[in-house]
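Below: one structure, written as structure tokens.
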Amino acid sequence: MKKLVCKVRGHQFVSIKKGEHRLKEYQCRYCKQKYTEDGYGQIVRLTRYWEMNNLLFERHYHNKTAI
Ligand SMILES: [Zn+2]
13 MKKLVCKVRG HQFVSIKKGE HRLKEYQCRY CKQKYTEDGY GQIVRLTRYW EMNNLLFERH
73 YHNKTAI
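Residues in the sequence shown are numbered from 13 upward in steps of one, following the numbering used here.
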């Protein structure tokens with residue numbers, strides 16, 4: 013599913029998270045694959061694992077600030 017342009021020029025990330033989210037999520041404008049940043053600021057594929065991780069993180073973060 014990887015496009016040739018991604019192979020040649022690398023992915024072109026577009027931010028897909030809007031508003032006050034602390035976590036960053038990106039989508040490649042060419043191959044439409046989703047990516048996120050791990051705890052070290054590295055861009056990684058947004059797998060089911062990371063989706064869950066981000067969800068829990070945001071829930072935790074919002075709960076904290078709500079108090
Ligand atoms: Zn791509």
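Heads up, the beta-carbon is just placed ideally off N, CA and C, and yes, glycines get one too.
Rounding to the nearest angstrom, what Cα-Cα distance links G22 and T59 in this structure?
For the purposes of this step, residue 22 is identified with residue 10 of the sequence shown, where counting begins at 1. For the purposes of this step, residue 59 is identified with residue 47 of the sequence shown, where counting begins at 1. Roughly 19 Å between the two C-alpha positions.
Quick check on the burial criterion: 16 or more other C-beta atoms within 10 angstroms. Buried or exposed for E37?
Counted from its first residue, the sequence shown places residue 37 at position 25. Buried, because 16 or more other Cβ atoms sit within 10 Å of the Cβ of E37.
Does ligand 1 have even one heavy atom less than 7 Å from the beta-carbon of Q54?
By one-based count along the sequence shown, residue 54 stands at place 42. For ligand 1, not one heavy atom lies less than 7 Å from the Cβ of Q54.
For my contact list, K76 and C43 are in at a C-beta cut-off of 8 Å; report their separation, rounded to the angstrom.
Residue numbering aside, residue 76 sits at position 64 when the sequence shown is read from its first letter. Residue numbering aside, residue 43 sits at position 31 when the sequence shown is read from its first letter. 35 Å between Cβ atoms; not a contact.
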